[in-house]
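In my numbering, the protein residues as written are 679 to 803.
Listed below in structure tokens is the structure:
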């Protein structure tokens with residue numbers, strides 16, 4: 679948990695920030711930290727999916743699941759009061775990175791197969 683500052687910083691206006699802004703900033707900082715931890719957990723799960731796909735010879739991307747997830751997250755975003763287009767773009771940003779990782783994993787496995795030894799899967803990740 680990020681601790682708030684004891685004193686209000688003085689912005690360029692020369693006035694101290696209101697306590698409510700400091701409290702909200704602390705909340706925002708905590709949410710940002712939680713998002714980073716959630717993304718790390720998500721990437722650990724998708725790393726394992728990438729390993730399993732590579733082992734089974736499946737493609738790194740799944741366009742059908744992608745369409746389903748976009749629709750699902752846009753519905754969730756609407757219900758949460760978040761712009762559905764923003765949610766879709768945010769997801770696209772994350773999934774693009776996931777696919778890049780899956781392509782790397784698939785290439786490593788293919789190179790291992792050609793050499794006669796597929797890289798071991800990290801079953802603990």
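All C-beta atoms in this analysis are idealised placements derived from N, C-alpha and C, irrespective of residue type, glycine included.
Check	Outcome
Residue 727 vs residue 770 beta-carbon contact at 9 Å	no
Among 702, 712, 723 and 760, nearest to residue 777 - alpha-carbon criterion	723
Short Cβ contact (9 Å threshold) for residue 718 with residue 787	no
Supposed contact pair residue 775 and residue 752 - C-beta distance, whole angstroms, cut 8 Å	Not really, about 20 Å apart at Cβ, beyond 8 Å.
Local Cβ density within 10 Å of residue 742, reported as buried at 16 or more and exposed below that	exposed
Whole alpha helix (DSSP H) elements within the segment 717-796, 4-residue minimum	741-758 and 762-792
9 Å Cβ cutoff met for residue 628 and residue 754	Summary: the structure shown does not reach residue 628, with the chain confined to residues 679 through 803, and so no result is reported for it.
Exposed unless 16 or more other CB atoms sit within 10 angstroms - verdict on residue 784	buried
Between the CA atoms of residue 747 and residue 740 - distance to the nearest angstrom	11 Å
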